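Asks: Can you read through this structure? Questions will come right after.
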Amino acid sequence: MIFNPQHECMENGARKKLQLANLKNLAETLYERVPFYRKKMDALGVRSRDIHTLEDIEKLPFTTKDDLRELYPHGLLACPKDRIVEVHMSSGTTGKPVVDEYSRNDINIWREAMARTLAGGGCTKDDIVQNCYGYGLFTGGPGAHYGAMTIGAEVLPMSSGNTARQLMVMQDFGSTMLTCTPSYALFMAEEAAEAGIDLRKLPINKGCFGAEPWSENMRKEIETRYNMKAYDIYGLTEIIGPGVSFECEAQNGLHVNEDLFYPEIIDPQTGKTLPRGEKGELVFTTLTKEGTPLLRYRTRDITYFMDEPCECGRTTVRMHRLFGRTDDMLIIRGVNVFPSQIEHALFAIEGTEPAYLIVVNRGESHLDDIELQVEVKQEFFSDETRRLEELRSRIEGELKSKLQISVKVKLVEPKTIERSIGKAKRVIDNRKI
Ligand code: DLL
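End of the sequence shown sits at 487 in our numbering; the numbers just go up one at a time, nothing left out.
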């Protein structure tokens with residue numbers, strides 16, 4: 055179902071006109087109300103009157119995560135403080151959290167963006183949505199809640215954790231849709247199998263998963279274990295939370311809500327706009343927000359645009375599902391490696407479970423080593439050690455040929471790697487660089 059055909063299927067020229075008008079407005083508002091942006095625009099000698107086409111956005115300054123941290127907590131506020139009705143923050147594990155302050159209108163934008171998102175995953179007013187994204191400062195829980203309510207579905211505001219209760223509610227209330235991180239969806243599936251619950255027989259038949267990287271193989275795993283359709287949804291606190299882009303039934307790229315969040319792809323090194331279709335860093339400008347709107351925010355997420363028309367009828371541009379982040383790239387002995395590449399190579403190998411951990415160490419010789427801990431199906435452990443040894447060297451060989459680096463593989467028993475109820479932690483980097 056398309057939640058808002060008027061905007062999602064708008065003719066591209068008409069959408070561009072709307073985007074341009076909103077961009078000019080935004081540039082003027084930010085110049086007038088946010089000293090940080092005024093300084094930046096003065097330094098570049100640019101004002102809203104210099105914006106004549108959407109391409110002119112390149113004249114405007116970028117915003118970075120470091121800027122947000124420096125301006126914590128209220129430095130980016132662009133409307134009177136008494137208009138703010140809700141606040142969310144990222145977890146801030148690597149510094150001060152980044153903050154999003156929402157006016158009532160911003161919450162309405164979020165509702166709309168998330169209604170489109172869940173509708174993309176097949177949600178209708180007849181659905182019972184079991185929402186296991188965390189509630190609180192994290193945007194996942196409230197975002198999915200607002201979206202489901204806007205559609206008129208019934209929401210079970212479970213938050214994450216307490217898996218036994220999740221499974222009980224899923225059975226007793228007949229949930230038809232699941233919203234949570236993909237790693238938590240798999241964790242619940244494992245617990246269900248252990249408790250003898252056959253998820254495939256329950257009414258749950260679709261889910262919207264995101265907030266962390268996941269692969270096509272993980273999607274297949276979730277779809278098989280639940281007998282459901284699993285959709286990728288993307289967003290970030292700084293821009294609105296979830297609701298920035300989402301997959302439709304074609305499951306081929308994520309439609310960007312581009313009338314609300316204007317996307318660009320740039321070369322992360324030079325900051326220059328890349329030709330359409332090239333892979334680079336995703337940048338967003340919030341076109342209609344009032345509380346903490348952002349100009350050209352550098353997400354550090356890596357993807358490319360897919361311009362070919364989508365069979366669903368939406369005309370919004372699609373982004374390929376994420377390849378990783380500019381800042382999660384590991385440089386091992388000079389070779390650039392993304393955790394997603396390791397996951398991709400690993401999951402193609404029969405016998406492994408979808409749980410793994412990448413540990414990076416710097417040895418005495420100052421050379422970096424990657425150890426990959428991989429869970430293996432129980433039957434391998436009860437078998438002769440030769441089979442385990444064969445599997446181990448097969449994984450090492452596969453990784454070596456795909457990534458051009460040597461990875462030490464350690465096979466571990468099922469359930470040894472710590473599970474997460476929110477975003478999974480896949481990398482431990484012990485190097486002190
Ligand atoms: O994770 C918002 C969200 C909630 C999205 C629920 C989807 C579902 P943050 O905590 O600010 O916000 O983290 C944002 O998470 O820049 C990406 O690096 C990553 N991320 C989000 N969605 C995906 C996805 C929420 N579908 C950061 N695939 C982003 C891969 C994702 N990474």
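No residue lacks a Cβ here, since even glycine has one placed at the ideal position from N, Cα and C.
In this text the structure is predicted, and so the values were computed from the model without any measurement.
Would you mind sorting Gly190 into buried or exposed? The rule is 16 or more other CB atoms within 10 Å of its CB.
Replies: Position 136 of the sequence shown, counting from 1, holds the residue named residue 190. Classification of Gly190: exposed, given that the 10 Å Cβ count is below 16.
Asks: For the alpha helix (DSSP H) holding Val223, just list the boundary residues, first then last.
Replies: Working through the sequence shown from its first residue, we reach residue 223 at position 169. Val223 -> alpha helix (DSSP H) spans 217-226.
Asks: Report the partner residues of Asp423 according to the DSSP bridge assignment.
Replies: For this step, residue 423 is matched to residue 369 along the sequence shown. Its beta-bridge partners are Asn415.
Asks: I'd like to know whether the C-beta atoms of Leu114 and Leu336 end up nearer to each other than 8 Å.
Replies: Numbered from its first residue, the sequence shown carries residue 114 at position 60. Numbered from its first residue, the sequence shown carries residue 336 at position 282. Leu114 places its beta carbon 8 Å or farther from that of Leu336.
Asks: Along the chain, where does the alpha helix (DSSP H) that runs through Tyr280 open and close?
Replies: As a first step, residue 280 is located in the sequence shown; it is residue number 226 there, counting from the start. Here the alpha helix (DSSP H) through Tyr280 covers 270-280.
Asks: Quick one: any contact between the segment 178-196 and the segment 220-240, if contact means 3 or more CB pairs under 8 Å?
Replies: yes
Asks: Please go through the same chain and pick out, in chain order, the residues whose beta-carbon is closer than 8 Å to the beta-carbon of Asn484, but skip the five residues on each side of it.
Replies: Here residue 484 refers to the residue found at position 430 when the sequence shown is read from its first residue. The answer, listed in chain order, is Val413, Val414, Asn415, Arg416.
Asks: Cβ-heavy atom distance between Trp164 and the ligand DLL below 7 Å?
Replies: Taking the first residue of the sequence shown as 1, we reach residue 164 at position 110. No - the ligand DLL has no heavy atom lying nearer than 7 Å to the Cβ of Trp164.
Asks: Could you check the C-alpha separation between Glu112 and Leu98 for me, to the nearest Å?
Replies: Looking up residue 112 in the sequence shown gives position 58. Looking up residue 98 in the sequence shown gives position 44. Approximately 11 Å, taken between the alpha carbons.
Asks: Using a Cβ-Cβ cut-off of 7 Å (strictly less than) and excluding sequence neighbours within five positions of Gly405, which residues of its own chain qualify?
Replies: Looking up residue 405 in the sequence shown gives position 351. The residues are Val430, Lys431, Phe434, Leu445.
Asks: Is Glu301 near the ligand DLL, in the sense that its beta carbon is under 7 Å from a heavy atom of that ligand?
Replies: Numbered from its first residue, the sequence shown carries residue 301 at position 247. No, since every heavy atom of the ligand DLL falls outside the 7 Å radius drawn around the Cβ of Glu301.
Asks: Based on Cα-Cα distance, which residue from Ala402, Asp180, Thr327, Asn159 lies nearest to Leu341?
Replies: On the sequence shown, position 287 is the one that residue 341 refers to. The shortest C-alpha to C-alpha distance from Leu341 to any of Ala402, Asp180, Thr327, Asn159 is the one to Asn159.
Asks: Any idea what DSSP makes of Glu473, helix, strand or coil?
Replies: The residue labelled residue 473 in the question sits at position 419 within the sequence shown. It is worth fixing the name first, because residue 473 is Arg in this sequence and not Glu. Arg473 falls in the coil class under three-state DSSP.
Asks: Should the segment 210-217 be regarded as contacting the segment 260-271, the criterion being three or more beta carbon pairs within less than 8 Å?
Replies: Contact fails between the segment 210-217 and the segment 260-271, because fewer than three Cβ pairs, one in each stretch, are under 8 Å apart.
Asks: Do Phe392 and Gly493 come within 8 Å of each other at the CB atom, strictly closer than that value?
Replies: Coverage of the chain is limited to positions 55 through 487, which leaves residue 493 absent and any answer about it impossible.
Asks: Look at the alpha carbon of Met282 and the alpha carbon of Ile258, and state the distance between them as a whole number of angstroms.
Replies: As a first step, residue 282 is located in the sequence shown; it is residue number 228 there, counting from the start. As a first step, residue 258 is located in the sequence shown; it is residue number 204 there, counting from the start. Rounded to the nearest angstrom, the two C-alpha atoms are 7 Å apart.
Asks: Kindly indicate which three-state DSSP category Asp136 falls into: helix, strand or coil?
Replies: For the purposes of this step, residue 136 is taken as the residue at position 82 of the sequence shown. Here Asp136 sits in helix by DSSP.
Asks: Hey, is the segment 168-178 in contact with the segment 139-153, meaning 3+ C-beta pairs nearer than 8 Å?
Replies: no
Asks: With distances taken from CA atoms, which of Arg372, Tyr351, Thr353, Cys366 is nearest Met360?
Replies: Residue 360 sits at position 306 when you count from the first residue of the sequence shown. For the residues Arg372, Tyr351, Thr353, Cys366, the minimum Cα distance to Met360 belongs to Arg372.
Asks: If you draw a straight line from the C-alpha of Asn66 to the C-alpha of Arg123, how long is it?
Replies: Within the sequence shown, numbered from 1, the residue matching residue 66 stands at position 12. Within the sequence shown, numbered from 1, the residue matching residue 123 stands at position 69. Rounded to whole angstroms, Asn66 and Arg123 show a C-alpha spacing of 36 Å.
Asks: Buried or exposed: Pro194, going by 16 or more other Cβ atoms within 10 Å of its Cβ?
Replies: Mapped onto the sequence shown, residue 194 falls at position 140. A small correction: the amino acid at residue 194 is Gly; Pro does not occupy that position in the sequence shown. That one is buried.
Asks: Could you check which residue in Gly307, Asp252, Leu314 has the C-alpha nearest to that of Glu62?
Replies: Within the sequence shown, residue 62 is the residue found at index 8, counting from 1. Taking only the C-alpha atoms, the option nearest Glu62 is Leu314.
Asks: On the DSSP bridge list, what partners appear for Asn185?
Replies: Counting from 1 along the sequence shown, the entry for residue 185 is found at position 131. Paired residue(s): Pro211, Thr233.
Asks: Measuring CB to CB, does Arg480 end up less than 8 Å from Leu411?
Replies: For this step, residue 480 is matched to residue 426 along the sequence shown. For this step, residue 411 is matched to residue 357 along the sequence shown. It is a contact, given that the beta carbons lie within the stated cut-off.
Asks: Helix, strand or coil for Pro127? Go by DSSP, reduced to three states.
Replies: To locate residue 127, count along the sequence shown from 1; it is residue 73. Correct three-state label for Pro127: coil.
Asks: What is the residue span of the alpha helix (DSSP H) that Thr342 lies within?
Replies: Numbered from 1 along the sequence shown, position 288 holds the residue referred to as residue 342. It is not in any alpha helix (DSSP H) - Thr342 carries neither H nor E in the DSSP assignment.
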